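Here the sequence shown is numbered in the UniProt record's numbering, starting from 1 and rising by one per residue.
Backbone N, C-alpha and C fix where the C-beta goes; we use that ideal spot for every residue, glycine too.
Quantities reported herein were computed from a predicted structural model and do not represent experimental measurements.
Structure record follows, encoded as structure tokens.
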Amino acid sequence: MEMFGAILELGKMILAPISERYKYHRSVDEHMKNLMGKRDDLECKKSDIESKMKAELLPRKKPKREVEFWLQKVETINADIQNIEQEAERGKYFSRMRVGKIACKKIQEVTELIDQSCGFGESLVIDPPVSYGDELPTRALVGESTAEITMEKIWEHLLDEDCRMIGVNGMGGVGKTTIMKQINNRLLKEKDKFNHVIWVTVSKAFDVIKLQNDIASKLDPNLFKSEDETTRAGKLYAALKEMKKCVLILDDLWNAFPLENIGIPEPTSENGCKLVVTTRDAKVCDGMNCKTIKVELLSIKESHDLFLKTVGCDVSNIPEDVVEGVVKQCARLPLAIITIAGSLKNVVDVSEWRNTLNELRTSTKGLAHVDDEIFGRLRFSYERLKDEKLQRCLLCCALYPEDYEISRDELIEHLIDEKVIESMKSRQEELDKGHTLLNMLENACLLEGFSKEKMRFVKMHDLIRDMALQIAGAKFLVLEDVPNEEEWGNDVEKVSLMFKNNSNFPNVSPKCPKLSTLLLRGYVKIIPDSFFVHLHGLRVLNVDCLGFESLPNSVIDLKHLTSLRLNVYGFKWMPSLAKLTALRSLDLSVRSLEEIPHGLEMLVNLRYLILRKTKQEKMPPGILPKLCQLQVLKLPFDGLEVNGEEMVRLKKLECFEGAFDGLKGFNTYVESLEKGGPSHYIYAVKPAIQLGVAELFESVILSYCNICLLPKDVRALAISFDDVWDYRKKTVWFKYEEIEYINSYFDTFSLQSLENLDLYELHNLKGLFTEEKVAPAPVVPLGTFSRLKQFSIWSCPNIKKLFTPGLMQNLEQIRVYDCEQLEEIIGGAEEEEAKEIVEIFPRLRNLTLQFLPKLKTICSSSNVILCDSLNCIKIYACPKLERLPLSLHLIDGERSSPPSSLRIKIENEWWELLEWDDHDMKMVLEPLCQFGEW
1 MEMFGAILEL
11 GKMILAPISE
21 RYKYHRSVDE
31 HMKNLMGKRD
41 DLECKKSDIE
51 SKMKAELLPR
61 KKPKREVEFW
71 LQKVETINAD
81 IQNIEQEAER
91 GKYFSRMRVG
101 KIACKKIQEV
111 TELIDQSCGF
121 GESLVIDPPV
131 SYGDELPTRA
141 LVGESTAEIT
151 MEKIWEHLLD
161 EDCRMIGVNG
171 MGGVGKTTIM
181 KQINNRLLKE
191 KDKFNHVIWV
201 TVSKAFDVIK
211 LQNDIASKLD
221 PNLFKSEDET
231 TRAGKLYAAL
241 KEMKKCVLIL
251 DDLWNAFPLE
261 NIGIPEPTSE
271 NGCKLVVTTR
281 DAKVCDGMNC
291 KTIKVELLSI
301 KESHDLFLKT
311 VGCDVSNIPE
321 DVVEGVVKQC
331 ARLPLAIITI
341 AGSLKNVVDV
351 SEWRNTLNEL
361 RTSTKGLAHV
371 DDEIFGRLRF
381 SYERLKDEKL
391 QRCLLCCALY
401 PEDYEISRDE
411 LIEHLIDEKV
421 IESMKSRQEE
431 LDKGHTLLNM
441 LENACLLEGF
451 SKEKMRFVKM
461 HDLIRDMALQ
471 IAGAKFLVLE
481 DVPNEEEWGN
491 DVEKVSLMFK
501 NNSNFPNVSP
511 KCPKLSTLLL
521 RGYVKIIPDS
531 FFVHLHGLRV
541 LNVDCLGFES
551 LPNSVIDLKH
561 LTSLRLNVYG
571 FKWMPSLAKL
581 TALRSLDLSV
591 RSLEEIPHGL
601 EMLVNLRYLI
611 LRKTKQEKMP
621 PGILPKLCQL
631 QVLKLPFDGL
641 EVNGEEMVRL
651 KKLECFEGAF
661 DGLKGFNTYV
671 ESLEKGGPSH
681 YIYAVKPAIQ
691 LGVAELFESV
701 ILSYCNICLL
711 PKDVRALAIS
721 FDDVWDYRKK
731 TVWFKYEEIE
741 YINSYFDTFS
751 LQSLENLDLY
761 ELHNLKGLFT
771 EEKVAPAPVV
781 PLGTFSRLKQ
791 FSIWSCPNIK
801 KLFTPGLMQN
811 LEQIRVYDCE
821 QLEEIIGGAE
831 EEEAKEIVEI
841 FPRLRNLTLQ
851 FLPKLKTICS
861 SSNVILCDSL
871 NCIKIYACPK
881 LERLPLSLHL
891 IDGERSSPPS
901 SLRIKIENEW
911 WELLEWDDHD
921 MKMVLEPLCQ
931 FGEW
């Protein structure tokens, strides 16, 4: 009897899963019908939400983040349903059970999405917080007494209720912009004075639409569409009128203008606003009804001190009359002092100093106009560069628009194209040479270097740019429109045209036998075919234009062309490139190419190739092996997949971005890297995702893939999996093994070098490390993730804990989104509390936690995150999180102040419900909070 019972139980165990599978098999048609019905319901709900959101999206409104996230989920689930529907239509007998099971699961997900849409509230949009202002890179004030007196005078007028408009006037190079940048940054620190600070550089070429755009970009980039000036002025007026206590700074204004023409409300005591302009012309201040404050020249002593400080060496062996003579020639002008002193850095030879003084006296002798005197002194610094390459480099910078922030990378590529930087053994050597040249120009104070958003830029003072164009003379043509045919001279070598709005390109055919460089920038649709007919010597063609539709046929006859760069929108057609065999650089950063250009395989001299966007899925076979000189290859991550075996043949490749056509080819390529390969790379295995790692080289992006090899020096890893199928070639389905633990898929050595890790839609992910049954926590090999700086995880519904205690101490950024089951950021919170407080994530700068419905704790009560390095905390839709483990250093028993740059972006209601170990922390941090929906 007992045996019979055991057999019965065994039978139930065997039959239960079979019965369940049969149920899915038998009812697949019913499940699919229900799924299609649910999909229709979801589409109706989506349509209603999009219509309502469109109606509510007035100027300066933006969709709620949760609404955007919901719409993204709808797109994803619709794609999944389409794939399931196609599988069901194939009607294969053995796939019916699987389709039925997946359909049931999707019905549940769709139902949950429809339910979520009911919780968005009455409005689907919010008012985004307006930035207080932007901190600006600037030099220290020169001439402390004179400059500080002027700055304090401006500051007093800003705080004076009776003064609404201020004009800062002074000659070029005297320091107006530097003083106002200091004012701008001071306003950002003393936030109790004003609510907003807006800085706009105007410059010589005053243009109403450009000024409107520049101001609007500080408020709402979507404020304007294609309205006329008057309509735009009305919208800008309405937006600025809402901003009480706002300071608008217009730098380098050359013409007075009526405020209403732009859309600037008149500053009044009622709105608390102020307008400040800087200008060389006192008449502009009068025309704007400003209170004028003049920036004076430096005193003799300040000039002497600034000069010696900039020279940076002991000049005691130089006769005093020679030093004072050189200083005197600088005419107490800060820009001239800094520039000329920069040219004499570390010069200790008396003869060279005497020669400098004689040359300065000669270069400025007899010049009556003050700007001519300045140019003479600046030109002296140019001539002292001695090195022709440095001089050519400086002149190349003058081809960019006035006040333009020139990317170092872009400029160095241009210098390589111009052969200012000669060919070297490797691309990296050429880049290093470029940075060396720019550093030397910065050290000579002829360029100003600065960083912004992790990128490096240089900027040219407008006087130095004017001087450079004066030196270039007839060889350079830098204009805002195409000149008439007779204006193109025989001596022209370089032309830079910066078009204004919707410029028409005239039907001209210039005859310029010496023209080697043509830069086109701005708004232009069509260049007539006749334009290039006589430009046989053209070597560098760079088109950076909106609306540019096609490259003229005549370009294909430019047999000396070595660099062709197109950064355009709306591009429709490209002629064959087969004849352009001299090309060494080809950059097609266009957004709508149907296919790669014909004749690409003929460009055997190419060193540099960028193809940013085409509708072609794969790189045609046989092309890459013919481009064996390539050093840089950048392809889109969502197309133009490359074959791994063909990639192996690119032996000179130093930089690669792009997607492989499969895991097998990728592994083949990685195996070949034992013999050397690119030092900078972002490898993707299709279908790839872009998760923000593109800014970091030495990266691998994996999507829908199984175990793979990794390069030994990999710094960033992005992974995306799904629990359905990998969709290949739009006809064949594959199913790969589902990832549960990251360390099961990659060797420890690779994980030690990672600096960036992104995880996306890993539906079965349980943790980063395999859990050992005998251990209380996962056993992590020594050094794993020891270099990790950025960690992001999206839509991984089954992970409950992220990190183990003590792991990832170098993290600078943590971003966690939409992980439904996540309960702890650092596991072990339920264990017995330690006796001492332990600091975690000592280098953390940014922490983002959003849409985590079950998150209870960031860490245990014995752990704290010190605020010293923090820059931004953003928490939204984490209703069960009750504690924010922030702390401050204690110095002599006193709590230190939090960083002034720290921003805490949260919901007001959630903030008020937080529990605090030390209630004073809430009072200290509350002024740094920005409340809203993030």
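DSSP, reduced to helix, strand and coil, places R65 within a helical segment of the structure shown.
Taking 3 residues as the shortest admissible run, the segment 437-522 contains the following complete beta strand (DSSP E) segments, listed from N- to C-terminal end: 448-452, 455-459, 476-479 and 494-498. In this structure, M460 sits near A468, with a CB-CB distance shorter than 9 Å.
With at least 16 other beta carbons inside 10 angstroms of its own, R521 counts as buried. The three-state reading of DSSP puts C655 in strand, counting E and B together.
The C-alpha of F803 lies about 8 Å from the C-alpha of L768. The continuous beta strand (DSSP E) containing V543 extends over residues V540 to L546. Residue environment: Q82 is assigned as exposed (fewer than 16 neighbouring CB atoms within 10 Å of its CB, all protein chains considered). Taking the Cα positions, Q86 is about 35 Å away from V670. Using a 10 angstroms sphere on the CB of L913, the tally of other CB atoms stays under 16, which defines it as exposed. Between the segment 331-348 and the segment 431-440, the count of C-beta pairs closer than 8 Å stays below three; the two stretches do not touch. In the DSSP assignment, R232 falls within the alpha helix (DSSP H) that extends over E229 to K241. Taking C-beta separations shorter than 6 Å and ignoring five residues to either side along the sequence, the partners of R883 in its chain run E915, following chain order.
With a contact defined as Cβ atoms closer than 8 Å, E270 and L259 miss out at about 16 Å. Assigned with DSSP and collapsed to three states, G272 falls in coil, not helix or strand. Taking C-alpha positions only, D587 is separated from K613 by approximately 11 Å. Comparing C-alpha distances from I149 to each of K176, G133 and D134 shows the shortest one belongs to K176.
Bounds of any alpha helix (DSSP H) do not take in A578, whose DSSP letter is neither H nor E. Taking a contact as a CB-CB distance under 8 Å, the pair L609 and L630 counts as one, their CB atoms being some 6 Å apart. Only residues of its own chain outside the window of five on either side were considered, and among them Q391 and A444 have a CB closer than 7 Å to the CB of L385, listed in chain order. Membership of I179 in any beta strand (DSSP E) is not indicated; the residue belongs instead to the alpha helix (DSSP H) covering K176 to K189. Judged by their CB atoms, N195 and K274 are not nearer to each other than the 9 Å cut-off.
R591 is positioned such that its CB atom lies no closer than 9 Å to that of P625.
The alpha-carbon of V67 is positioned some 10 Å away from that of G121.
If you keep only unbroken alpha helix (DSSP H) runs of at least 4 residues inside the segment 306-348, you get 320-329 and 334-343. Judged by DSSP secondary structure, F666 falls within the alpha helix (DSSP H) whose first and last residues are L663 to S672. Here DSSP, grouped into helix, strand and coil, assigns N764 to coil.
The secondary-structure analysis by DSSP pairs M923 with nothing; it has no beta-bridge partner.
Under the DSSP definition of a beta bridge, H680 partners with C655. M180 and S203 have their C-alpha atoms roughly 15 Å apart.
When DSSP states are grouped into helix, strand and coil, C397 belongs to the helix group. Contact between the segment 203-216 and the segment 159-177 is not established, with fewer than three Cβ pairs separated by less than 8 Å.
Taking C-alpha positions only, R607 is separated from M498 by approximately 28 Å. With respect to the C-alpha of D432, the residue from E442, L446 and D409 having the closest C-alpha is D409. DSSP places Q631 outside any alpha helix (DSSP H), giving it a letter other than H or E. Just measuring C-alpha positions, the residue of E493, D462, E486 and F457 sitting nearest A474 is E493.
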